[in-house]
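Some notes on the structure that comes next.
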Amino acid sequence: MDALFDIRQIYLEEAVRDYARGQEILARHPNAQLIPVDNHWRIPQFFGNEGAAEEWLRIKRETLILGVRKTLTMRPNGRSADFIAPSSSNGCGMACAYCYVPRRKGYANPVTVLVNIDDITRAIIRHAGKLGWKTAPNQIDPAAWVYDLGENGDLSADALLSDNVRDLIGIFRDLPNAKGSFATKRVNRALLDYDPRGRTRVRVSLMPPEMARRLDIRTDPIDVRIAFIDELVRAGYEVHVNFSPVVVHENWQAEWRSLLHQLNDGIGAAAKAQLKAEIIMLTHNAALHEVNMRWHPRGEDWLWRPDLQENKKSEGGMINLRYRHRWKGRWLGQLRDWMAEIIPYCAIRYAF
Ligand code: SF4
């Protein structure tokens, strides 16, 4: 088992035992303590646990939650994907300081694997079947409907815990009008055996290595992620890059230009021929800042820059901090210019 996980406790809904995937996962951890719960979302130990981060990191490594997904709806997206598929997991073994995912589940946010994967794959197949062919190309994909499979975690890491990711990638092999997609900061070579046949897009998340060392806690280093791109392409994945989040600071130009050169030098012709990028500028949040100050205050030197940021109300009604509108536009323009100069073959799918 990869060092990211060393599962000692499994919290599980009773119904999990009725599913083959649930039984398989339990069989992988015969010595784990099993703790029954009524609902995988409402486990008091993991809510409101803004306290010591050492506890979260231990919880992330040692705790697994197993549940059964109740809702199977596809949500329209329009940025990374056409639709967000019902997730086969939530939570993450990694601990990026800017990650907004824990806000919904408590900051330790250990991985929950949803064991009714057959319900999820059937729902995607049915939805894609009803859609028919994509008639108008968009920035997401010229021909295929794209489903985001990993909104609430990192599927490369999830693939260490169960075969859910293998099953998801498997259905897209046979869906002529649809592709799966997920972003990742983890190199898991098990993915290379999943035979995606071009129908799953992996979005490799990149930022300058100096910044990743400050913020991307428990993830794989940037040079390792870049080296994985060619391997993924050879294994039959479509691979895009996800420049996210872009963190602006006094030396960001040198760091980003260096990253773009590192990417250009680190991937081969086949990867370059199909590479596209999405760019997401940092969004931060006052509540997350307060939590981070208790466990990783040095990261906040880079994330919390009220001199560069302004408040903006999110669609969900939260007050977020984003880079000031006019500056953000200028900075995005600079990044686009550096990309045009250093990786001119890489189209930008979207930037915001
Ligand atoms: S890898 Fe993704 S989901 Fe996991 S902590 Fe980092 S940003 Fe959050």
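Quick note, the sequence shown lines up with residues 464 to 815 if you use this note's numbering.
C-beta: ideal position from N, C-alpha, C; glycine also.
Spatial neighbours of residue i within its chain, please: C-beta separation below 6 angstroms, excluding the five flanking residues on both sides.
| i | result |
| --- | --- |
| S707 | S668, I743 |
| I636 | The residue asked about is misnamed: residue 636 is Arg in this sequence, not Ile. Contacts found: R660, R662. |
| R666 | A646, H703, N705 |
| F691 | V650 |
| R629 | Y657 |
So residue i and residue j are supposed to be a Cβ contact under 8 angstroms. How far apart are they, rounded?
| i | j | result |
| --- | --- | --- |
| H752 | N783 | Rounded, the Cβ-Cβ distance is 11 angstroms, inconsistent with contact. |
| E778 | R787 | The pair is not a contact, with the Cβ atoms about 20 angstroms apart (cut-off 8 angstroms). |
| I603 | R484 | Incorrect: roughly 29 angstroms between the Cβ atoms, too far for contact. |
| N727 | I806 | 5 angstroms |
| A591 | L638 | 5 angstroms |
| G530 | V574 | The pair is not a contact, with the Cβ atoms about 11 angstroms apart (cut-off 8 angstroms). |
| L678 | C559 | 6 angstroms |
| S644 | L612 | 7 angstroms |
| V500 | V578 | At roughly 14 angstroms, the Cβ-Cβ gap does not stay under 8 angstroms, so V500 and V578 are not in contact. |
What do you reckon, are the CB atoms on residue i and residue j nearer than 9 angstroms?
| i | j | result |
| --- | --- | --- |
| E701 | K642 | yes |
| L771 | V711 | yes |
| A646 | A622 | no |
| P671 | P684 | no |
| S543 | N705 | yes |
| W596 | N640 | yes |
| Y474 | H492 | no |
| Q725 | I689 | yes |
| I470 | A495 | yes |
| R799 | I811 | yes |
| I587 | L631 | yes |
| E763 | Y813 | no |
| T682 | K648 | yes |
| R521 | L467 | no |
| L624 | I488 | yes |
| N627 | V696 | no |
| M557 | Y610 | no |
| R768 | K775 | no |
Which two residues bound the contiguous alpha helix (DSSP H) that contains residue i?
| i | result |
| --- | --- |
| K791 | 788-805 |
| P769 | No alpha helix (DSSP H) contains P769, which DSSP labels as neither H nor E. |
| F635 | 627-636 |
| W719 | 715-729 |
| R660 | No alpha helix (DSSP H) contains R660, which DSSP labels as neither H nor E. |
| W608 | Not the alpha helix (DSSP H): W608 falls in the beta strand (DSSP E), residues 608-611. |
| S619 | 618-621 |
| L751 | 749-758 |
| H590 | 580-594 |
Leaving out the 5 sequence neighbours to the left and right, which residues in its chain are closer than 7 angstroms to residue i when beta-carbon positions are compared?
| i | result |
| --- | --- |
| G731 | D693 |
| K568 | F509, N553, G554 |
| D582 | R532, L535 |
| E614 | I547, S550 |
| M781 | N748 |
| A607 | K597, N640, A641, K642 |
| Q472 | A495, Q496, I498, E525, T526 |
| G729 | I689, A690 |
| G699 | D658, P659, R660, G661 |
Between which two residues does the beta strand (DSSP E) containing residue i stretch?
| i | result |
| --- | --- |
| K642 | 641-647 |
| R681 | No beta strand (DSSP E) contains R681, which DSSP labels as neither H nor E. |
| Q486 | Careful: Q486 lies outside any beta strand (DSSP E), inside the alpha helix (DSSP H) at 483-491. |
| Q472 | 472-475 |
| I498 | 496-499 |
| K739 | 739-744 |
| N705 | 701-709 |
| V576 | 575-577 |
Within 10 angstroms of the Cβ of residue i, are there 16 or more other Cβ atoms? Answer buried if so, exposed if not.
| i | result |
| --- | --- |
| E476 | buried |
| T526 | buried |
| N714 | exposed |
| F815 | exposed |
| R662 | buried |
| K739 | buried |
| H703 | buried |
| P760 | exposed |
| E804 | exposed |
| G796 | exposed |
| A658 | Note that residue 658 is Asp in the sequence shown, not Ala. Exposed, by the Cβ-count rule. |
| M464 | With a pLDDT of only 41 at M464, under the threshold of 50, the placement of this residue in the model should not be trusted; the figure read from the coordinates follows. By the 10 Å Cβ count, M464 comes out exposed. |
| K791 | buried |
| D481 | exposed |
| N755 | buried |
| Y561 | buried |
| A599 | exposed |
| A620 | buried |
| R789 | exposed |
| R589 | exposed |
| R664 | buried |
In its own chain, which residues sit with a C-beta less than 8 angstroms from the C-beta of residue i, not counting the 5 before and 5 after it?
| i | result |
| --- | --- |
| W719 | P671, V709, L798, W801 |
| M674 | V710, E718, W765 |
| V564 | N553, G554, C555, N572, N615, G616 |
| Y808 | K735, A736, L738 |
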